[in-house]
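Numbering (full-length UniProt numbering), first residue to last: 1 to 345. What follows is a single structure, written as structure tokens, with notes after it.
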């Protein structure tokens with residue numbers, strides 16, 4: 001079983017943590033990789049290295065930062081199949097979906113590289129005679145990025161690309177459920193020859209993540225996750241008045257009017273609810289259905305979900321894949337029990 005090392009200040013290295021993080025394929029239950037977990041000393045080193053790397057990076061013309069981001073996009077594209085294979089194994093997605101997600105990340109980096117010409121300030125008319133005010137945009141400094149399990153590469157890129165193009169350095173904590181793709185991504189970072197320390201990627205415990213996020217040098221914390229996790233991050237931000245950037249939860253209601261095409265509704269709800277086993281912020285959580293079409297829609301949905309195939313998507317991409325881990329399965333099991341007790345179909 002391969003062991004992945006943390007990517008700290010431009011190098012892959014072993015850490016001092018005694019307990020590795022073992023990564024399991026959620027579809028098969030097979031452990032396929034282990035990770036060295038970062039210690040407090042590791043994250044302090046990474047944050048310090050990011051603070052050092054950020055200063056000359058932030059002084060570069062935005063055009064040069066954009067060129068570096070394009071180099072990274074090109075390197076990730078060369079590693080796209082390898083990153084996708086790791087993503088599929090760790091998440092239970094089909095290989096096709098995992099490779100496509102990596103491709104979306106490549107295009108997103110190229111998109112943000114184009115913003116180099118738009119990182120601009122403002123000239124403001126003053127209320128004082130013979131005076132003009134100029135507003136310049138300055139980097140925040142070091143950004144701590146907390147990545148979710150459901151889109152481990154796309155959300156990683158969504159966080160690091162805008163941070164880099166605006167002159168910041170990043171320290172990244174991927175989900176402990178889906179970390180391997182991030183470390184294959186780190187191989188592309190090294191290949192792109194970005195400054196050492198500009199991007200560090202580490203797996204870690206919640207306790208060590210708190211140390212990372214509350215370092216004085218961290219000026220922003222960005223999280224995609226649950227509302228509860230967002231509340232924790234807001235507490236972290238209090239330590240140094242860091243800026244929060246939070247993308248939390250999602251209830252995605254569907255409203256069905258009496259004149260709606262029920263076949264279209266059924267197809268749309270099925271696709272949204274079964275995408276990545278419903279573990280997406282756009283997965284349907286609630287349906288508000290007009291009484292006149294309630295029975296007909298319920299029958300169509302029941303039939304559609306019963307005909308849906310479930311299982312390992314590496315064998316059949318048309319199946320709905322697995323939940324992320326045992327805790328998620330137990331939570332859904334309790335939800336089903338409660339629904340059955342309430343008379344669910």
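For glycine and all other residues, C-beta sits at the position ideal for the given N, C-alpha and C. In this text, all values refer to a predicted model and were calculated from it rather than measured experimentally.
Check, Outcome
"Residue 288 - containing beta strand (DSSP E), residue span", "286-289"
"Between the CA atoms of residue 300 and residue 185 - distance to the nearest angstrom", "42 Å"
"Segment limits, alpha helix (DSSP H) that includes residue 187", "180-191"
"DSSP state of residue 340 mapped onto helix, strand, coil", "helix"
"Through-space distance from residue 21 to residue 34, alpha-carbon basis", "5 Å"
"Span of the beta strand (DSSP E), counted from its first residue to its last, around residue 244", "243-248"
"Buried versus exposed call for residue 351 [16 or more other C-beta atoms within 10 Å across all chains shown]", "No answer is possible for residue 351: it lies beyond the span of the chain, which begins at 1 and ends at 345."
"Beta-bridge pairing of residue 4 - partner residues as DSSP gives them", "35"
"Which of helix, strand or coil DSSP assigns to residue 253", "strand"
"Whole-angstrom distance between residue 267 and residue 294, CA atom to CA atom", "16 Å"
"Start and end residues, beta strand (DSSP E) containing residue 281", "Residue 281 -> no beta strand (DSSP E), and no H or E assigned at all."
"Residue closest to residue 178, alpha-carbon to alpha-carbon, out of 194, 29, 112 and 91", "91"
"For residue 370, the residue or residues it bridges with in DSSP", "The requested residue 370 does not occur in the structure, where the chain is confined to residues 1 to 345."
"Extent of the continuous beta strand (DSSP E) to which residue 220 belongs", "218-225"
"Buried versus exposed call for residue 215 [16 or more other C-beta atoms within 10 Å across all chains shown]", "buried"
"Beta-bridge pairing of residue 320 - partner residues as DSSP gives them", "310"
"For residue 199 and residue 193, the rounded distance between their alpha carbons", "11 Å"
"DSSP state of residue 60 mapped onto helix, strand, coil", "coil"
"Given 8 Å, three or more beta-carbon pairs between the stretch 5-19 and the stretch 158-165", "no"
"Residue 213 beta carbon less than 8 Å from that of residue 201", "no"
"Counted within 10 angstroms of its Cβ, other Cβ atoms place residue 62 as buried (16 or more) or exposed", "buried"
"Every unbroken beta strand (DSSP E) within the stretch 111-143, with a cutoff of 3 residues, ordered by chain", "122-125 and 132-135"
"Helix, strand or coil at residue 200 according to DSSP, with G and I counted as helix", "strand"
"Opposing strand residues paired with residue 12 [DSSP bridges]", "7"
"Residues that residue 170 bridges to, as DSSP identifies them", "143 and 199"
"Per-residue DSSP class, three states only, for residue 78", "helix"
"Cut-off 6 Å between Cβ atoms - residues of its own chain near residue 15, not counting five sequence neighbours on either side", "6, 36, 38, 39 and 42"
"7 Å CB neighbourhood of residue 325 in its chain, flanking five on each side removed", "26 and 177"
"Segment contact flag, the stretch 277-290 with the stretch 248-268, C-beta cutoff 8 Å, min 3 pairs", "yes"
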